[in-house]
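Residue numbers 1048 to 1230, in this note's numbering, belong to the letters of the sequence shown in order.
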Amino acid sequence: MPRKLEDAVVVITGASSGIGATTAHQMAARGTRLVLAARGEEALEAVRSECEQRGAEAIAVPTDVGDESAVARLADDIHVVTILPQAVDTPMWRRAGNFSGREIRPLPLPRSPDEIAKRIVWCAEDPKREVTDRRFGRLVELTHAVVPPVWEAVTARVFGRLAFGQGRRGPSPGNLFDPVHDD
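Listed below in structure tokens is the structure:
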């Protein structure tokens, strides 16, 4: 049964930028009470303030999801929804750690953070355990389930051609250990 988001408390990880911040803004516009979590305290506080300006109650909880005890403190009773987009237009491609020695580029046909945030809001209103975005994603999941060796061979080749550019890059931890906000 669909739920009213103004009656809910929603926890958003990665809330300091990209899809997380966009989702927080969309939830705030619906009057949802928000718990915003991310590593970057300054950016997280800015998103909290923006959500309050949109009329929501919001708290910022600096949290590194790579720290199991920090996540345990944050997540005593949370319903988890996993959204699996194929490609997203976010700063991830510039900020991610890269030790491949190759230039990384965005995947083709990316969805905007706004589109993914809408899917997240939709799942919060009508709960689902997992949502794969686009039919191609479902095809990939089906291929993996039915013929894993084919999936592994094809995915490695296709991803290598789509995700790596021609340029060389030196090793970089990107935002792996510390938040990076270059926008």
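All C-beta atoms, glycine included, are put in the ideal place defined by N, C-alpha and C.
Where the alpha helix (DSSP H) through Leu1186 begins and ends | Arg1182 to Val1193
If you drop the 5 nearest sequence neighbours on each side, which residues of the same chain put their C-beta closer than 6 Å to that of Gly1214?
-> Glu1150
Which word fits Gly1065, buried or exposed, when buried means at least 16 other C-beta atoms lie within 10 angstroms of its C-beta?
-> buried
Buried or exposed (CB count within 10 angstroms, at least 16 for buried), Gly1212 = exposed
Say whether the region 1127-1135 touches the region 1197-1205, bearing in mind that this needs 3 or more beta-carbon pairs closer than 8 Å, one atom from each stretch.
-> no
Completely contained alpha helix (DSSP H) runs for the region 1134-1171, where each covers 4 or more residues | 1139-1142
Taking buried to mean at least 16 other C-beta atoms within 10 Å of its own C-beta, is Ile1106 buried or exposed?
-> exposed
Beta-carbon spacing of Gln1073, Asp1180 below 9 Å | no
Would you call Pro1132 buried or exposed, if buried means 16 or more other Cβ atoms sit within 10 Å of its Cβ?
-> buried
Look up Arg1101 in the DSSP assignment and say whether it is helix, strand or coil.
-> coil
As assigned by DSSP and simplified to three states, the class of Ala1107 = strand
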